[in-house]
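Trainee: Per our numbering, the sequence shown runs over residues 2 to 247.
The C-beta atom is built at its ideal place from N, Cα and C for all residues, glycine as well.
Note that the structure is a prediction, hence the values are computed from the model and not measured.
Dumping the structure here so I can ask a few things about it.
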Amino acid sequence: MTDTTQQVALVTGASRGIGRAIALKLAGDGFAVVVNYAGNAELANQTVAEIETNGGRGVALQADIGDSASVIRLFDQALEAFGRLDVVVNNAGTLQMANITTDNVEVLDRTLATNLRGSWLVMAKAAETLREGGRIIALSSSVLAKSFPAYGAYIASKAGVEGLIKVLANELRGRNITVNGVAPGPVATELFFEGKSDEQVASIAAMAPLERLGQPEEIADAVAFLAGPQGGWINGQVLRANGGFS
Ligand code: NDP
2 MTDTTQQVAL VTGASRGIGR AIALKLAGDG FAVVVNYAGN AELANQTVAE
52 IETNGGRGVA LQADIGDSAS VIRLFDQALE AFGRLDVVVN NAGTLQMANI
102 TTDNVEVLDR TLATNLRGSW LVMAKAAETL REGGRIIALS SSVLAKSFPA
152 YGAYIASKAG VEGLIKVLAN ELRGRNITVN GVAPGPVATE LFFEGKSDEQ
202 VASIAAMAPL ERLGQPEEIA DAVAFLAGPQ GGWINGQVLR ANGGFS
């Protein structure tokens, strides 16, 4: 029989990187966790195995967050698995570098499909599903403040996400559901390292006054704060967890 006394969190993109750290942190905080992934079933199963080794409950569910039918199925299967849903963290995201040229418009389309359309779909389904007291948290990025060349598609997508966070917080008036964002600075994951030379990594890492990359666990701590009992009065905000990279 499904135990419905335990709070449940769904984390998109939790097979690796920041999402994995969020899933493990929320499991440690007492949530049963739905570990969503796009293609890496093995890594998602490893996240679940680690949750279970630590005495928690988890389930790995595949879904492309940019696809409406997949997102609906994801939420249906999450409710089937654990009987309730309290926290939704839309973490899944993609970064492709491309200058703003006519040739590169497909990079914009692909990036928006996952980062912006995906955020819309997951946040919308969360708003339709969550009960009173629920929390919706979406991942943005502190790189918005930097306007680096070749980040146009990514920055456009995350600026859109920050817009959605604030609008949805207003749309949920009266439901006692908070909607917030976490905007990490550079964090040591595949998404950040991909395509960068050691020199580029070192130079970006040195930009924050704390002079290092963030770790996925440090972003997970910020998300857990917003998801937990101490984050209840924060609403419509984007928390910039970035060591001062701004
Ligand atoms: P990673 O590339 O390390 O991991 C990406 C995760 O998202 C994987 O679990 C992947 O699943 C999943 N994913 C990708 N596309 C989809 C999709 N269409 N549907 C479902 N899942 C998908 O990324 P990070 O951990 O670095 O980034 C996590 C979030 O943090 C992103 O939103 C990113 O923009 C944001 N961020 C990251 C920063 C950084 O420096 N790392 C800085 C600022 C923000 P699979 O393994 O199955 O492919």
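Alpha carbon to alpha carbon, how far is residue 166 from residue 143? Give it in angstroms, no decimals.
Mentor: C-alpha separation (whole angstroms): 15 Å.
Trainee: Would you say the beta carbon of residue 1 comes nearer than 6 Å to a heavy atom of ligand 1?
Mentor: With the chain covering 2 to 247 only, the question about residue 1 has no answer from this structure.
Trainee: What three-state label does DSSP hand residue 79 in the structure shown?
Mentor: Note: residue 79 maps to helix in three-state DSSP.
Trainee: Ligand 1 and residue 120: does the residue's C-beta get closer than 6 Å to at least one heavy atom of that ligand?
Mentor: Residue 120 Cβ: outside cutoff for every heavy atom of ligand 1.
Trainee: With a threshold of 8 Å on Cβ separation, who are the neighbours of residue 9 within its own chain once the five nearest residues in sequence on each side are excluded?
Mentor: So the qualifying residues of the chain are 32, 33, 34, 35, 79, 83, 84, 85, 86, 87 and 88.
Trainee: Spatial neighbours of residue 211 within its chain, please: C-beta separation below 7 Å, excluding the five flanking residues on both sides.
Mentor: Answer for residue 211: 244 and 245, listed in chain order.
Trainee: Please say whether residue 13 and residue 123 have beta carbons closer to each other than 7 Å?
Mentor: Against a cut-off of 7 Å, the Cβ pair of residue 13 and residue 123 comes out as a contact.
Trainee: Do the CB positions of residue 237 and residue 139 come within less than 7 Å of each other?
Mentor: Not in contact: residue 237 and residue 139 (Cβ atoms no closer than 7 Å).
Trainee: Since residue 223 and residue 214 are thought to touch, with beta carbons under 8 Å apart, how far apart are those beta carbons, to the nearest angstrom?
Mentor: Not quite, the Cβ-Cβ distance comes to about 15 Å (not below 8 Å), so this is no contact.
Trainee: Alpha carbons only, please: which of 189, 202 and 198 is nearest the one belonging to residue 216?
Mentor: Out of 189, 202 and 198, 189 has the C-alpha closest to the C-alpha of residue 216.
Trainee: Is residue 65 near ligand 1, going by C-beta to nearest heavy atom under 6 Å?
Mentor: It does: the Cβ of residue 65 is within 6 Å (strictly closer) of some heavy atom of ligand 1.
Trainee: In the DSSP output, which residue or residues are listed as bridge partners for residue 89?
Mentor: Answer is 11 and 137.
Trainee: Taking the alpha-carbon positions, what's the residue 133 to residue 178 distance?
Mentor: About 6 Å.
Trainee: Any idea what DSSP makes of residue 240, helix, strand or coil?
Mentor: DSSP places residue 240 in strand when its eight states are reduced to three.
Trainee: Classify residue 109 as helix, strand or coil using the three-state DSSP reduction.
Mentor: Of the three classes helix, strand and coil, the one that applies to residue 109 here is helix, per DSSP.
Trainee: Thinking residue 184 and residue 240 are a contact (beta carbons under 8 Å), I'd like their distance in whole angstroms, please.
Mentor: Rounded, the Cβ-Cβ distance is 7 Å, consistent with contact.
Trainee: Is the CB-CB distance between residue 221 and residue 23 below 7 Å?
Mentor: Closer than 7 Å, so yes.
Trainee: Verify whether the separation of the beta carbon atoms of residue 48 and residue 74 is less than 7 Å.
Mentor: No, Cβ-Cβ distance for residue 48 and residue 74 is not below 7 Å.
Trainee: Give the list of continuous beta strand (DSSP E) stretches no shorter than 3 residues that lie fully inside the stretch 177–228.
Mentor: Qualifying beta strand (DSSP E) stretches, in chain order: 179–183.
Trainee: Is residue 17 near ligand 1, judged by its Cβ being under 6 Å from some heavy atom?
Mentor: Indeed, a heavy atom of ligand 1 lies less than 6 Å from the Cβ.
Trainee: Kindly say whether residue 192, judged by its beta-carbon, lies nearer than 7 Å to any beta-carbon of chain C.
Mentor: You won't find chain C in this structure, because it holds only one protein chain.
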